[in-house]
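*Asks:*
Number of protein chains: 2
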Amino acid sequence: MTRLPLATRATDLVGSIIDSSTSLLAGQRHDIVRFAMGSPAPEAIPADTLRDIAATELGRPDAYDYAATEGDPRLRDALLGVLADTPDAPTPDRLLITAGGMQGLDLAFKLFVDPGDLVVVESPTYTNGSATALSYQAELLEVPVDDEGMQVDTLEDLVARAGRTPKAIYAIPTFQNPSGASMSVERRHRLLELTRQWGSVLIDDDPYGLLRFEGADVPSLHALAGGDPLVFSVRTFSKIIGPGLRVGWVDADPSLQQLLINAKQAMDTCTNLPLQRLVAGFLEGGHLQPHLVAQRSAYRERKRAMQDALTEHFAGTAHWTDPHGGFFLWVTFDHDVDTEALFEVALAEGVAFIPGNAFSPSKRFPDALRLCFASSTPERIREGVARLRRAVDSMGKR
Amino acid sequence: MTRLPLATRATDLVGSIIDSSTSLLAGQRHDIVRFAMGSPAPEAIPADTLRDIAATELGRPDAYDYAATEGDPRLRDALLGVLADTPDAPTPDRLLITAGGMQGLDLAFKLFVDPGDLVVVESPTYTNGSATALSYQAELLEVPVDDEGMQVDTLEDLVARAGRTPKAIYAIPTFQNPSGASMSVERRHRLLELTRQWGSVLIDDDPYGLLRFEGADVPSLHALAGGDPLVFSVRTFSKIIGPGLRVGWVDADPSLQQLLINAKQAMDTCTNLPLQRLVAGFLEGGHLQPHLVAQRSAYRERKRAMQDALTEHFAGTAHWTDPHGGFFLWVTFDHDVDTEALFEVALAEGVAFIPGNAFSPSKRFPDALRLCFASSTPERIREGVARLRRAVDSMGKR
Numbered sequence: 000m001t002r003l004p005l006a007t008r009a010t011d012l013v014g015s016i017i018d019s020s021t022s023l024l025a026g027q028r029h030d031i032v033r034f035a036m037g038s039p040a041p042e043a044i045p046a047d048t049l050r051d052i053a054a055t056e057l058g059r060p061d062a063y064d065y066a067a068t069e070g071d072p073r074l075r076d077a078l079l080g081v082l083a084d085t086p087d088a089p090t091p092d093r094l095l096i097t098a099g100g101m102q103g104l105d106l107a108f109k110l111f112v113d114p115g116d117l118v119v120v121e122s123p124t125y126t127n128g129s130a131t132a133l134s135y136q137a138e139l140l141e142v143p144v145d146d147e148g149m150q151v152d153t154l155e156d157l158v159a160r161a162g163r164t165p166k167a168i169y170a171i172p173t174f175q176n177p178s179g180a181s182m183s184v185e186r187r188h189r190l191l192e193l194t195r196q197w198g199s200v201l202i203d204d205d206p207y208g209l210l211r212f213e214g215a216d217v218p219s220l221h222a223l224a225g226g227d228p229l230v231f232s233v234r235t236f237s238k239i240i241g242p243g244l245r246v247g248w249v250d251a252d253p254s255l256q257q258l259l260i261n262a263k264q265a266m267d268t269c270t271n272l273p274l275q276r277l278v279a280g281f282l283e284g285g286h287l288q289p290h291l292v293a294q295r296s297a298y299r300e301r302k303r304a305m306q307d308a309l310t311e312h313f314a315g316t317a318h319w320t321d322p323h324g325g326f327f328l329w330v331t332f333d334h335d336v337d338t339e340a341l342f343e344v345a346l347a348e349g350v351a352f353i354p355g356n357a358f359s360p361s362k363r364f365p366d367a368l369r370l371c372f373a374s375s376t377p378e379r380i381r382e383g384v385a386r387l388r389r390a391v392d393s394m395g396k397r
Numbered sequence: 000m001t002r003l004p005l006a007t008r009a010t011d012l013v014g015s016i017i018d019s020s021t022s023l024l025a026g027q028r029h030d031i032v033r034f035a036m037g038s039p040a041p042e043a044i045p046a047d048t049l050r051d052i053a054a055t056e057l058g059r060p061d062a063y064d065y066a067a068t069e070g071d072p073r074l075r076d077a078l079l080g081v082l083a084d085t086p087d088a089p090t091p092d093r094l095l096i097t098a099g100g101m102q103g104l105d106l107a108f109k110l111f112v113d114p115g116d117l118v119v120v121e122s123p124t125y126t127n128g129s130a131t132a133l134s135y136q137a138e139l140l141e142v143p144v145d146d147e148g149m150q151v152d153t154l155e156d157l158v159a160r161a162g163r164t165p166k167a168i169y170a171i172p173t174f175q176n177p178s179g180a181s182m183s184v185e186r187r188h189r190l191l192e193l194t195r196q197w198g199s200v201l202i203d204d205d206p207y208g209l210l211r212f213e214g215a216d217v218p219s220l221h222a223l224a225g226g227d228p229l230v231f232s233v234r235t236f237s238k239i240i241g242p243g244l245r246v247g248w249v250d251a252d253p254s255l256q257q258l259l260i261n262a263k264q265a266m267d268t269c270t271n272l273p274l275q276r277l278v279a280g281f282l283e284g285g286h287l288q289p290h291l292v293a294q295r296s297a298y299r300e301r302k303r304a305m306q307d308a309l310t311e312h313f314a315g316t317a318h319w320t321d322p323h324g325g326f327f328l329w330v331t332f333d334h335d336v337d338t339e340a341l342f343e344v345a346l347a348e349g350v351a352f353i354p355g356n357a358f359s360p361s362k363r364f365p366d367a368l369r370l371c372f373a374s375s376t377p378e379r380i381r382e383g384v385a386r387l388r389r390a391v392d393s394m395g396k397r
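Residue numbers (numbering that gives the first Met the number 0), protein chains in the order written: chain A, 0 to 397; chain B, 0 to 397.
1) If you run the structure through DSSP and keep just helix, strand and coil, what is Gly-148 of chain B?
2) If you drop the 5 nearest sequence neighbours on each side, which residues of the same chain put their C-beta closer than 6 Å to that of Lys-302 of chain A?
3) Over what stretch of residues does the beta strand (DSSP E) that includes Arg-369 of chain A continue unbroken?
4) Ignoring anything shorter than 4 residues, give me the alpha helix (DSSP H) runs that lie fully in the region 258 to 342 of chain A, in order along the chain.
5) If you drop the 5 nearest sequence neighbours on each side, which residues of the same chain put their C-beta closer than 7 Å to that of Val-112 of chain A?
6) For the alpha helix (DSSP H) holding Gly-99 of chain A, just list the boundary residues, first then last.
7) Would you mind sorting Gln-196 of chain A into buried or exposed? The rule is 16 or more other CB atoms within 10 Å of its CB.
8) If the cut is a Cβ gap below 9 Å, which residues of chain B does Lys-109 of chain A touch?
9) Does any residue of chain B bring its CB to less than 7 Å from the CB of Ile-44 of chain A?
10) If you measure between the beta carbons of Phe-34 of chain A and Gly-383 of chain A, is that distance less than 7 Å?
11) Are any of the Cβ atoms in chain A nearer than 7 Å to that of Ser-20 of chain B?
12) Would you list the one or two residues that DSSP bridges to Phe-231 of chain B?
13) Between the region 255 to 275 of chain B and chain A, which residues of the former have a C-beta closer than 8 Å to a C-beta of the latter?
14) Report buried or exposed for Gln-175 of chain A, applying the criterion of at least 16 other Cβ atoms within 10 angstroms of its Cβ.
15) Since Tyr-63 of chain A and Gly-243 of chain B are thought to touch, with beta carbons under 8 Å apart, how far apart are those beta carbons, to the nearest angstrom?
16) Taking a contact to mean a Cβ-Cβ separation below 7 Å, would you say Ala-279 of chain B touches Ala-77 of chain B in this structure?
17) Secondary structure at Arg-8 of chain B, three-state DSSP: helix, strand or coil?
18) Using 7 Å as the limit for Cβ to Cβ distance, is Gln-102 of chain A near chain B?
19) DSSP three-state call for Ala-357 of chain A: helix, strand or coil?
20) As a quick exercise: from A:Ala-88, A:Gln-275, A:Phe-313, pick the residue whose alpha carbon is nearest that of Asp-71 of chain A.
21) Rounded to whole angstroms, what is the Cα-Cα separation between Pro-206 of chain A and Pro-228 of chain A?
22) Using a Cβ-Cβ cutoff of less than 6 Å, which residues in the same chain neighbour Ala-399 of chain A once the five nearest sequence positions on both sides are dropped?
23) Only counting the same chain, and skipping five residues up and downstream in sequence, which positions put a Cβ closer than 8 Å to that of Leu-74 of chain A?
24) Please state whether DSSP places Val-30 of chain A in a helix, a strand or coil.
25) Quick one: Cα of Asp-30 of chain B to Cα of Gly-349 of chain B, how far?
26) What is the residue span of the beta strand (DSSP E) that Gly-247 of chain A lies within?
27) Can you give me the start and stop residues for the alpha helix (DSSP H) that Ile-171 of chain A sits inside?
28) Rounded to whole angstroms, what is the Cα-Cα separation between Pro-4 of chain B and Ala-46 of chain B?
29) Less than 7 Å separating the beta-carbons of Arg-186 of chain A and Leu-223 of chain A?
30) Taking only the alpha-carbon atoms, compute the straight-line gap between Pro-86 of chain B and Asn-127 of chain B and give it to the nearest angstrom.
31) Please classify Asp-152 of chain B as buried or exposed, where buried requires at least 16 other C-beta atoms within 10 Å of its C-beta.
32) Does DSSP put Ser-129 of chain B in a helix, a strand or coil?
33) I'd like to confirm the pairing. Which residues does DSSP put opposite Val-120 of chain A in its beta bridges?
34) Put Ile-52 of chain A into one of helix, strand or coil per three-state DSSP.
35) Does the beta-carbon distance from Pro-377 of chain A to Ala-314 of chain A come in below 7 Å?
36) Around the Cβ of Gln-294 of chain B, are there at least 16 other Cβ atoms within 10 angstroms (buried) or fewer (exposed)?
Here's what the structure looks like:
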């Protein structure tokens with residue numbers, strides 16, 4: 000029998016453990032409170048509207064043909080229209096439709112990372128994103144995040160200590176996953192300065208920016224960069240319409256567009272066309288804005304319900320973040336709790352979360368966990384946090 | 000202004016020119032006969048059935064959530080059921096749902112190719128596939144194809160001359176794109192021997208195998224390999240249901256499944272779920288077999304119409320292949336015709352094709368072209384070939 004000739008990178012392809020909880024969830028009690036996955040709630044999916052759009056769009060044979068690699072013209076036009084009112088509206092020569100935000104990251108790391116290159120990631124971070132950098136054999140440098148986002152002073156120190164500059168900086172500056180933190184304007188400016196000074200590229204992964212439910216808008220890195228090509232913006236419909244669509248977009252310097260098209264052709268030829276048409280119909284029909292308004296309101300209520308429940312059950316034993324948008328709270332225990340061990344105890348109590356170590360390539364957060372407040376009603380959130388309390392108590396008695 | 004720090008591979012990302020004709024087609028006369036793209040005809044797309052399935056499937060919110068990275072269980076089960084009657088039925092531990100066949104190739108080259116590795120490709124070949132190998136910085140070795148597929152003796156000579164063995168061999172052994180040739184059983188056996196001897200992996204890209212309309216079945220490379228893990232099979236619904244779905248699959252050794260899942264997570268998290276559900280519904284409803292029977296019959300008629308028209312207009316001045324399935328004829332002129340120059344003249348006459356050089360990284364086929372007979376009715380095929388004759392005549396007069 001042949002031994003397969005794996006490439007070096009294949010032996011490095013350690014997946015993120017973010018999704019490992021899903022398989023563990025299978026076969027558990029049916030009423031489990033799901034704080035784990037970063038999915039919109041079933042009631043936040045506009046399935047009826049999408050089905051009605053499908054009744055027209057998906058009966059046309061041309062909806063099943065290959066799409067243009069840069070995206071279906073109808074979706075591109077509709078998206079440019081929707082974003083025209085936002086502070087950093089893309090132009091057609093900056094826009095590429097992708098298979099969700101994840102493919103935007105795959106494109107970015109493919110375009111910018113050679114084996115051995117240094118790539119800065121936040122700590123904690125979205126480890127599916129850092130895994131993509133690893134798949135191009137990047138070396139990662141983890142930079143701590145606090146309430147104002149990535150600690151840019153620490154970044155500068157760590158880069159000086161590394162003795163070489165990063166090729167790319169991977170940031171989730173707005174409603175960060177998993178911490179919920181947003182980077183302050185001052186830090187954004189300073190991060191752009193450093194990026195420019197180092198000749199790096201700054202990858203701005205922002206799946207949640209349109210889901211601000213509190214606080215004032217913060218300008219995007221692209222807007223602050225003033226036309227400098229160094230910002231590569233990755234966006235998606237996953238959190239605002241539905242993740243299963245696998246439709247997102249990249250907003251990047253026009254000099255990159257042909258390279259992006261060539262790279263995407265070699266990945267999947269084009270993004271699926273029927274769902275590009277569904278999303279186009281959704282945008283053309285004016286459904287997005289009222290949908291966002293409704294979701295923001297629901298998510299604000301859910302965040303507060305979760306914070307109130309945490310105060311009731313964990314005041315004095317843990318602390319947590321206060322995001323102004325997005326899906327997540329980041330909870331850190333004040334005493335020694337192994338959240339990886341807690342995971343299975345909690346599952347038995349009927350509540351799922353993701354342990355903090357899943358958000359760090361070097362597993363720096365053994366006593367933290369991520370809770371998604373977006374997927375559950377306030378009532379279920381209260382029940383889930385009470386179950387989490389029982390799980391922690393039961394751990395303590397062991 | 001910053002100069003963007005592109006990776007080495009980004010500067011190599013020369014896209015295939017296969018798709019370049021589509022943009023050239025825009026703005027041309029409306030009744031152009033389209034022999035260029037490898038798309039099923041509009042009448043071959045089961046859009047009405049898919050829309051009816053969508054009316055049920057796409058009204059369910061869970062259809063828009065993340066899918067399992069290895070594929071939605073319903074589609075996996077339905078596909079295993081459909082393939083159970085075929086000579087090389089996969090098992091669950093060999094199956095991964097992908098974003099079309101193209102992502103299967105991206106996964107294969109990501110798993111097996113380190114920078115500088117030698118990768119064998121057929122000549123002519125599907126250059127979107129060879130471009131993917133290049134995107135992982137492979138070095139390509141082109142091996143000629145004749146009526147029995149890749150010339151395996153020549154492969155052995157070329158590898159000996161190269162002084163090193165290939166890491167991967169990329170083959171389209173059945174109804175090859177663009178030649179239409181199928182590899183004989185003898186050559187398949189010999190190719191497997193060489194692959195085993197060299198410790199290579201053999202990537203079997205087969206989008207057309209279920210569209211045999213003549214001749215006897217030839218065993219697949221996987222079936223002939225007798226359980227040896229060296230065959231990596233890439234399959235897709237693109238040609239048998241619709242390319243815009245971007246739903247395909249990989250059938251590979253079980254030892255690769257976790258690596259494939261990890262690699263795919265870092266590419267796009269999962270394949271889009273709504274269209275996995277549409278395809279599952281199509282298979283569960285028993286629609287695939289009658290659809291294939293109807294398509295095979297239509298494609299046989301269209302191939303013959305094209306061959307008859309070529310005989311009428313080009314007998315003695317060109318020769319062409321006689322495929323037993325798939326979508327394409329490969330036409331080679333017996334006298335000196337520059338088919339890249341011919342392309343625009345033909346477009347002005349109202350017929351589109353793809354020039355031969357688009358199917359070779361080193362542009363070895365200046366006097367050949369690929370004609371897709373699948374997308375046009377016999378009547379339109381006759382008209383298109385007559386227009387092609389006028390285009391060649393008009394070139395001769397220049």
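Built from N, CA and C at the ideal position, the CB exists for glycine as well. Keep in mind it's a predicted model, so treat the numbers as computed, not measured.
*Replies:* According to the structure data:
1) Position 149 of the second sequence, counted from the start, is the residue given in the question as residue 148 of chain B. Three-state DSSP puts Gly-148 of chain B in a strand.
2) Position 303 of the first sequence, counted from the start, is the residue given in the question as residue 302 of chain A. Counting only Cβ-Cβ distances below 6 Å, and skipping sequence neighbours, we find Phe-372.
3) As a first step, residue 369 of chain A must be located in the first sequence, where it is residue number 370. Looking at the DSSP string, the run of the beta strand (DSSP E) that includes Arg-369 of chain A is 367 to 371.
4) 272 to 283, 287 to 313
5) Taking the first residue of the first sequence as position 1, residue 112 of chain A is located at position 113. Closer than 7 Å at Cβ, skipping near neighbours: Val-118, Ala-132, Tyr-135, Ala-137, Lys-166, Ala-167.
6) The residue given as residue 99 of chain A occupies position 100 in the first sequence. First-last of the alpha helix (DSSP H) with Gly-99 of chain A: 99 to 111.
7) Walking along the first sequence from the start, residue 196 of chain A turns up at place 197. With fewer than 16 other Cβ atoms within 10 Å, it is exposed.
8) Looking up residue 109 of chain A in the first sequence gives position 110. Ordered by position in chain B, the residues that pass the 9 Å Cβ test against Lys-109 of chain A are Ala-6, Arg-8, Ala-9, Leu-12, Ser-134.
9) One-based indexing of the first sequence puts residue 44 of chain A at position 45. Yes - at least one Cβ of chain B is within 7 Å of the one on Ile-44 of chain A.
10) Counting from 1 along the first sequence, the entry for residue 34 of chain A is found at position 35. Counting from 1 along the first sequence, the entry for residue 383 of chain A is found at position 384. Going by C-beta atoms, Phe-34 of chain A is nearer than 7 Å to Gly-383 of chain A.
11) Your numbering for residue 20 of chain B matches position 21 in the second sequence. Low confidence applies here, because Ser-20 of chain B scores a pLDDT of 46, under 50, leaving its location unreliable; read the following figure in that light. Answer no: the Cβ-Cβ gap between Ser-20 of chain B and chain A never drops below 7 Å.
12) Here residue 231 of chain B refers to the residue found at position 232 of the second sequence. In DSSP, Phe-231 of chain B forms a bridge with B:Ile-202.
13) Leu-255, Gln-257, Leu-258, Ile-260, Asn-261, Ala-262, Gln-264, Ala-265, Met-266, Asp-267, Thr-268, Cys-269, Thr-270, Asn-271, Leu-272, Pro-273, Leu-274
14) On the first sequence, position 176 is the one that residue 175 of chain A refers to. It is buried - the Cβ of Gln-175 of chain A has at least 16 other Cβ atoms within 10 Å.
15) As a position in the first sequence, residue 63 of chain A is number 64, starting the count at 1. As a position in the second sequence, residue 243 of chain B is number 244, starting the count at 1. Contact holds; Cβ gap of about 4 Å.
16) The residue given as residue 279 of chain B occupies position 280 in the second sequence. The residue given as residue 77 of chain B occupies position 78 in the second sequence. The answer is yes: Cβ separation under 7 Å.
17) Your numbering for residue 8 of chain B matches position 9 in the second sequence. In the structure shown, Arg-8 of chain B sits in a helix (DSSP, three-state: H, G or I).
18) By one-based count along the first sequence, residue 102 of chain A stands at place 103. Yes, its Cβ sits closer than 7 Å to a Cβ of chain B.
19) Within the first sequence, the letter at position 358 stands for residue 357 of chain A. Looking at Ala-357 of chain A - three-state DSSP - the assignment turns out to be helix.
20) Sequence index remark: in the first sequence, residue 71 of chain A carries index 72 (1-based). Among A:Ala-88, A:Gln-275, A:Phe-313, the Cα nearest to that of Asp-71 of chain A belongs to A:Gln-275.
21) Here residue 206 of chain A refers to the residue found at position 207 of the first sequence. Here residue 228 of chain A refers to the residue found at position 229 of the first sequence. Straight-line Cα distance between these residues: approximately 21 Å.
22) No statement about residue 399 of chain A is possible, as the shown extent of chain A runs from 0 to 397 and does not include it.
23) For the purposes of this step, residue 74 of chain A is taken as the residue at position 75 of the first sequence. So the qualifying residues of the chain are Ile-96, Val-246, Gln-275, Arg-276, Val-278, Ala-279, Leu-282.
24) Looking up residue 30 of chain A in the first sequence gives position 31. Here the sequence assigns Asp to residue 30 of chain A, which means Val is not the residue at that position. Of the three classes helix, strand and coil, the one that applies to Asp-30 of chain A here is coil, per DSSP.
25) Along the second sequence, read from residue 1 onward, the residue named residue 30 of chain B stands at position 31. Along the second sequence, read from residue 1 onward, the residue named residue 349 of chain B stands at position 350. About 7 Å.
26) As a working note, residue 247 of chain A is residue 248 in the first sequence. Note, Gly-247 of chain A: beta strand (DSSP E), 247 to 250.
27) Position 172 of the first sequence holds residue 171 of chain A. Neither: Ile-171 of chain A is in no alpha helix (DSSP H) and is coded neither H nor E.
28) Position 5 of the second sequence, counted from the start, is the residue given in the question as residue 4 of chain B. Position 47 of the second sequence, counted from the start, is the residue given in the question as residue 46 of chain B. Distance between the alpha carbons of Pro-4 of chain B and Ala-46 of chain B is about 45 Å.
29) Position 187 of the first sequence, counting from 1, holds the residue named residue 186 of chain A. Position 224 of the first sequence, counting from 1, holds the residue named residue 223 of chain A. Not in contact: Arg-186 of chain A and Leu-223 of chain A (Cβ atoms no closer than 7 Å).
30) One-based indexing of the second sequence puts residue 86 of chain B at position 87. One-based indexing of the second sequence puts residue 127 of chain B at position 128. Near 28 Å, if we compare the C-alpha coordinates of Asn-127 of chain B and Pro-86 of chain B.
31) What you label residue 152 of chain B is simply residue 153 of the second sequence in a count that begins at 1. Asp-152 of chain B is exposed by the Cβ-count criterion.
32) Along the second sequence, one-based indexing puts residue 129 of chain B at 130. Helix at Ser-129 of chain B.
33) As a first step, residue 120 of chain A is located in the first sequence; it is residue number 121 there, counting from the start. A:Glu-141, A:Tyr-169.
34) The residue you call residue 52 of chain A lines up with position 53 of the first sequence. It is helical.
35) For this step, residue 377 of chain A is matched to residue 378 along the first sequence. For this step, residue 314 of chain A is matched to residue 315 along the first sequence. Contact: no.
36) Mapped onto the second sequence, residue 294 of chain B falls at position 295. Classification of Gln-294 of chain B: buried, given that the 10 Å Cβ count is 16 or more.
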